[in-house]
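Residue 848, in our numbering, is where the sequence shown stops; the numbers in between run on with no holes. All C-beta atoms in this analysis are idealised placements derived from N, C-alpha and C, irrespective of residue type, glycine included. Bear in mind that the values here come from a model prediction, so they are computed numbers and not experimental data. Some notes on the structure that comes next.
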Amino acid sequence: GLTQADIGRSVSGDVRAMHVRSGVALTLEHIGMDGGHDKGGGLYMEPGATVHLIGASIRGSARLGGAIYNDHGTLILSNSVFSEPIYDNVQERVRNGLTTLVSGRATEAGSAIYNEGGEVTGSGEIGLFANNFEGSQTGDVIYNDGGTLFIDGAPSLGFRFGRITKGNSLGHGGGIYSRNGVVSLKNLFVAQHTAVGHGGAIYLDGGTLSMEGLYITGSAASGGAVYVASGTVQADRVLVVEATASEAGGG
């Protein structure tokens, strides 16, 4: 297979690494990209585009969607990680397709992914992270705007479960902010999220949220780890520990 050394695109300034046009379907394995733009610094997907990431290293910074901006397209993640190399021998994991490494920073929303009406599906060793010390305005790791988000972090290779971590929101939703969308989260470790407003880990603003087999820890916000402004929630085997809230219950 190809390695990061085989295919790579690194750009500087306000230049996007990759733009996928409508109707194009790509499977990207062992590819490295780094860029910056107003929307989708690493990867921008037009309506109808399909991208499958396996063993990729994608970095980016933007106003919206630091690493990836999905505009009504279909994004598939297999054994993927977003952000800094926190795993042991992470480069070997990338080269062997166990991990997709993406480091994102967004000033407004979605440091890892901004999903505008599209579909995002992740399975296996999925890791979604923000690399944003300053914090974004809302939904730092993932901002889901009327789209669908299905992530099942049950390990398919090895023993590592999926992770959604290190979100820092100056508003609501340190980890995930979903507005009028459909979100399904299973078998995930959700940790180290902060929000000045409500929902340190997750903020639901309409639509549906399903959680199964989640471990939520290290969340800090004015209004709990998971905050439902409106919408419908289903939860099964969700454990919330070490969560703090200044206005409402920590959980």
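- Task: Keeping to the same chain, check which residues put their C-beta closer than 8 angstroms to that of Arg-760; ignore five residues upstream and five downstream.
- Result: Translated into the one-based positions of the sequence shown, residue 760 becomes position 163. Correct list, in chain order: Val-678, Ile-723, Gly-724, Leu-725, Phe-726, Gly-750, Leu-785, Phe-786, Val-787, Ala-788.
- Query: By how many angstroms is the C-alpha of Gly-768 removed from the C-alpha of Ala-826?
  - Reply: In the sequence shown, counting from the first residue as 1, residue 826 sits at position 229. In the sequence shown, counting from the first residue as 1, residue 768 sits at position 171. Spanning the two alpha carbons is a distance of roughly 14 angstroms.
- Item | Own chain partners of Lys-783 with C-beta closer than 6 angstroms, once the 5 adjacent residues on each side are dropped | Counting from one through the sequence shown, the residue named residue 783 turns up at place 186. The answer, listed in chain order, is Asp-749, Glu-809, Gly-810.
- Item | Tyr-774 versus Glu-716 - alpha carbon distance | Residue mapping note: residue 774 aligns to position 177 of the sequence shown, counting from 1. Residue mapping note: residue 716 aligns to position 119 of the sequence shown, counting from 1. If you take the alpha carbons of Tyr-774 and Glu-716, they lie about 15 angstroms apart.
- Query: If you run the structure through DSSP and keep just helix, strand and coil, what is Gln-831?
  - Reply: Indexing the sequence shown from 1 puts residue 831 at position 234. Reduced to three states, the DSSP call for Gln-831 is strand.
- Give the DSSP-derived three-state secondary structure of His-795 in the structure shown. Mapped onto the sequence shown, residue 795 falls at position 198. Correct three-state label for His-795: strand.
- Item | When Arg-656, Gly-633, Gly-719, Asp-611 are compared against His-649, the one with the closest alpha-carbon | Mapped onto the sequence shown, residue 649 falls at position 52. The candidate whose alpha carbon is nearest that of His-649 is Gly-719.
- Query: What did DSSP end up calling Phe-730 once you bin it into helix, strand or coil?
  - Reply: Locating residue 730 in the sequence shown gives position 133, counting from the first residue. Coil.
- Same chain only: Cβ atoms within 6 angstroms of Arg-702, ignoring 5 sequence neighbours per side: Here residue 702 refers to the residue found at position 105 when the sequence shown is read from its first residue. For Arg-702, where only same-chain residues beyond five positions count, the Cβ hits under 6 angstroms are Ser-658, Gly-663, Ser-708, Asn-728, Asn-729.
- In chain order, what residues of the same chain have a beta carbon less than 6 angstroms from the beta carbon of Gly-620, not counting five sequence neighbours either side? Position 23 of the sequence shown, counting from 1, holds the residue named residue 620. Counting only Cβ-Cβ distances below 6 angstroms, and skipping sequence neighbours, we find Gly-645.
- If Leu-806 and Val-780 are in contact, beta carbons under 8 angstroms, what's the gap, nearest whole angstrom? Taking the sequence shown and counting its residues from 1, the one referred to as residue 806 is at position 209. Taking the sequence shown and counting its residues from 1, the one referred to as residue 780 is at position 183. Contact flag correct, Cβ pair sits at about 5 angstroms.
- Item | the ligand HEM heavy atom lying under 7 angstroms from the CB of Thr-704 | Among the components of this structure there are no ligands whatsoever, and the ligand HEM is therefore not found.
- Task: Going by CA-CA distance only, name the one from Ala-832, His-616, Ala-822, Asn-777 that's closest to Ala-798.
- Result: On the sequence shown, residue 798 is found 201 positions in, with the first residue counted as 1. Ala-798 has its Cα closest to that of Ala-822, out of Ala-832, His-616, Ala-822, Asn-777.
- Where Met-642 and Asp-802 are concerned, what is the direct C-alpha to C-alpha distance, given to the nearest angstrom? To locate residue 642, count along the sequence shown from 1; it is residue 45. To locate residue 802, count along the sequence shown from 1; it is residue 205. Whole-angstrom Cα-Cα distance: 24 angstroms.
- Query: Quick one, which of Arg-618, Val-617, Arg-613, Leu-625 has its alpha-carbon nearest His-634's?
  - Reply: Indexing the sequence shown from 1 puts residue 634 at position 37. Minimum Cα distance to His-634 is reached at Arg-613.
- Query: Would DSSP call Phe-679 helix, strand or coil?
  - Reply: Position 82 of the sequence shown, counted from the first residue, corresponds to residue 679. Low per-residue confidence applies at Phe-679: pLDDT is 44, beneath 50, and the placement is therefore not dependable, though the value from the model is reported in the following sentence. Reduced to three states, the DSSP call for Phe-679 is strand.
- Message: Assuming Lys-636 is part of the beta strand (DSSP E), what are its boundary residues?
- Response: Against the sequence shown, residue 636 aligns to sequence position 39. Run containing Lys-636: 629-636, per the beta strand (DSSP E) assignment.
- Glu-844 lies in the beta strand (DSSP E); which residues open and close that run? Reading the sequence shown from its first residue, position 247 is the one you call residue 844. Segment: none, Glu-844 is in no beta strand (DSSP E) and carries neither H nor E.
- Message: Pull the bridge partners of Phe-758 from the DSSP assignment, please.
- Response: Taking the first residue of the sequence shown as 1, we reach residue 758 at position 161. Looking at the DSSP assignment, Phe-758 forms no beta bridge with any residue, so it has no partner.
- Buried or exposed (CB count within 10 angstroms, at least 16 for buried), Thr-745: On the sequence shown, position 148 is the one that residue 745 refers to. So Thr-745 counts as buried.
- Query: Does the Cβ-Cβ distance between Gly-820 and His-790 come in under 8 angstroms?
  - Reply: Working through the sequence shown from its first residue, we reach residue 820 at position 223. Working through the sequence shown from its first residue, we reach residue 790 at position 193. It is not a contact, given that the beta carbons lie outside the stated cut-off.
- Measure the Cβ-Cβ separation of Gly-804 and Gly-770 and say whether it is below 8 angstroms. By one-based count along the sequence shown, residue 804 stands at place 207. By one-based count along the sequence shown, residue 770 stands at place 173. Taking 8 angstroms as the Cβ cut-off, Gly-804 and Gly-770 do not qualify as a contacting pair.
- Message: I'd like to confirm the pairing. Which residues does DSSP put opposite His-591 in its beta bridges?
- Response: Examination of residue 591 is not possible in this model, given that the chain is present from 598 through 848 alone.
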